[in-house]
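Per our numbering, numbering through the sequence shown is continuous, rising by one, with the last residue being 105. By construction, the Cβ of each residue, glycine as well, lies at the ideal position given by its N, Cα and C atoms. Report on the following structure.
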Amino acid sequence: MTRAGFGPPSEPVLVKTSYGESPQVPTISLISTEQTVITLRIEPTGR
Numbered sequence: 059m060t061r062a063g064f065g066p067p068s069e070p071v072l073v074k075t076s077y078g079e080s081p082q083v084p085t086i087s088l089i090s091t092e093q094t095v096i097t098l099r100i101e102p103t104g105r
């Protein structure tokens, strides 16, 4: 929900991984939360 109200639901996102070596998983950190907002930091692995 936003200040404009409820919107239509998002379409599902379908993904497939490759058959080779999987990529490294990024680091995800929660920065802050509010009643209707979350703020995340996403960093590549190894930084």
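Query                                                                     : Result
Rounded straight-line distance, which links the Cα of I100 to that of S90 : 13 Å
Sub-8 Å separation of L72 and L88 beta-carbons                            : no
Distance CB(T85)-CB(T103) smaller than 8 Å                                : yes
For T91, the three-state DSSP class (helix, strand or coil)               : strand
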